[in-house]
Structures are given as C-alpha cells and as structure tokens.
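Structure, as structure tokens:
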Amino acid sequence: MAIKINELIEYFATSTIEFKNAFKSTLPVGKIDTNRKTAFQLCGLIIPLRGTARFSLNGVPYHIDVNTIVHAGEGMDIKIKTYEEDWTYVVVHYQVIQAKDELKSFVNQHFSIEIDNMHEVQEILNQLLTKNMNPDYFSQFELKVIFMNLLQSILNGARNSQYNLTLQQVTQILDYFHTHYEEEIVISEVADMFDIDRRRIAYLFEKITGLTPIRYLTRYRISKAKELLTASELSIAEISEAIGYQDSFYFSRVFKDLTQMSPSQFRKVHQS
C-alpha cells in the first residue's frame, strides 16, 4: 500500500530509531527468490539501484522501479521476481527504540514510497555502504549521520513526488475552470469528473492556490468580467451571462464585494 507522506514524516521525526546495517544485492533476470523472511525485530527499506522487480511482502506485491522504495516490517514473508534485466537493490535495516503509541503500527507495516528523483538517495546510499565496511568508531558515528541524511532525502523526494501529483491534479481542474467558466459549474460534478473526492479538491486548492475552488472560480470570472467591462459594449446582463452568472443582480453584488465598485462604476472609471 501507499502511505501518506505527512504521517511518514511524523513517524520518523518523533520516533527514536537506530541504524543497524545495510547491504547491496543483485538478483539475476528471471530469478524467483522465495522462502525467506525480513529481519527479526528490525524494519527495512528496500531501495532499488537498477532494474525492476516484483517484491511481495506477506503476499502483497509491489512493483519496484527506480522511483519506488518499499518499507518492510519485521518477520514478513518475502518473494521476489525479476523482470527483463538483473535487479540491484540495497536493504537498509533500522530499529525503532521508541515511538508514539499511535505511530507504533509503522513498525509492522509494509508500504511503498514514491520518490521524484532517486539520484540523491543513491549517492547517499553509496556513502552508507562504504562507511558500513569500516569498523572504527568514528565511521560508526558517521553512519548515524549518513542514515539520517538518507531518511531526509527520501522524505524530501516523497514530498516532492506527492506535491507534483497534487499540482498536476489542481492544474487539470484549473484548466477546466479556465475553459468552462461561462457554464454552470458544480464542484461535486467536477470532483466526479476528475475522480477526486470533493473535500480532496478543497484541500488541494487551498494547498496550491490558497483559495477554495469556489473562491478561485469567482475571482477568475470577475477578472473576465473586468476585461469585458473595459473592452466591450456588452450590457451588464450580457456580461453576467457570458461569465457564468444567470442572475445579473447576483453578479453585481459579487463584483462589488471583490472590487468595491459596481460593474457600471468600474466601466465608467476604466473606459474613461
């Protein structure tokens, strides 16, 4: 399953965790690896370096490509199947020393994390693997720092990936508003059209634009009204209808609320 990035950030930010070990492995193309379990009393991050694979945990499959990281809990059944090329990956084990009661379930969860750009993550992984070979105490100290840098890079990449998806969804709805503003628009119908929950639309809009969908649409319509009032001879009623308001009195009230002028006053000032 996928995970909400804000919950994952809270989990790593508020939990006491300790890096344990890391290793790199390569599975040949067409190979099926099974009858194994994840480590006892440890959590793991499966981070791909090259190729793709079907990585199953307790029977739940994950398609892992170069932008997907999988988190595993302890003692889970593993099954791996490679596709068209060898699959190289790194497993990073960590132990949870202490966590909030409401976040302890993460210890026993498996889920995927989508990353927008794996380049930085892979660079930090190389540092981690190199230092992991050194037995001296200073290297062990550096490992703690590198591990936290790795988590930071993963969380940042996941946030960017989620934000890009959010931006894409909002952009699609904005495009719809911009091309259909003269029509009657019902937010719940737009939500169904783009297969997004209505409350989700409100959340996405406020996150990206700082406005609710209705407030954004209203401001866009009024900006179109200003253009028509300035550059055309259409009547107030015709302009009202042209921007999606069937009731010209309601349009005038909305216009005045936003501009502190009636449509006729605005026209007089700007045409003169």
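Note that the numbering used here numbers the sequence shown so that position 116 is 117, with each residue one more than the last. Glycine residues also receive a C-beta, built at the ideal position from the N, C-alpha and C atoms. All values derive from a computational prediction rather than experimental measurement.
Counting along the chain, I47 sits inside no alpha helix (DSSP H); it lies in the beta strand (DSSP E) bounded by residues C44 to R51. Where L126 is concerned, the enclosing alpha helix (DSSP H) starts and stops at H120 to N133.
Across the structure, R51 and N127 are spaced so that their CA atoms are roughly 14 Å apart. Taking the CA atoms as reference points, T213 sits about 9 Å from L205. Collapsing the DSSP output to three states places V171 in a helix. In the structure shown, H72 adopts extended strand secondary structure according to DSSP, grouped into three states. Between the beta-carbon of E75 and that of T35 there is about 18 Å, and that puts the pair past the 8 Å contact cut. Taking all protein chains shown into account, H64 has fewer than 16 neighbouring C-beta atoms within 10 Å of its C-beta and is therefore exposed. With contacts defined by Cβ atoms closer than 8 Å, V97 and L46 do not form a contacting pair. Nearest in C-alpha terms to T131, of all of E121, L144 and Y138, is L144.
Pairing K225 with I202 gives a Cβ-Cβ distance that is not under 8 Å. Within the model, the alpha-carbon separation for T172 versus R254 is close to 29 Å. Rounded to the nearest whole angstrom, the CA to CA distance from L9 to E239 is 52 Å.
Between the alpha carbons of L104 and T17 lies a distance of about 12 Å.
Counting the other CB atoms within 10 Å of its CB gives A54 a total of 16 or more, which places it among the buried residues. At a cut-off of 3 residues, the continuous stretches assigned as beta strand (DSSP E) that sit fully inside the segment 80-114 are 88-99. Counting of Cβ neighbours within 10 angstroms places R222 among the buried residues, the total reaching 16 or more. Within a 10 Å sphere around the beta-carbon of S26 sit fewer than 16 other beta-carbons, which makes this residue exposed. Secondary structure of S233 (DSSP, three-state): coil. Taking C-beta atoms as the reference points, K82 and I33 count as a pair closer than 8 Å.
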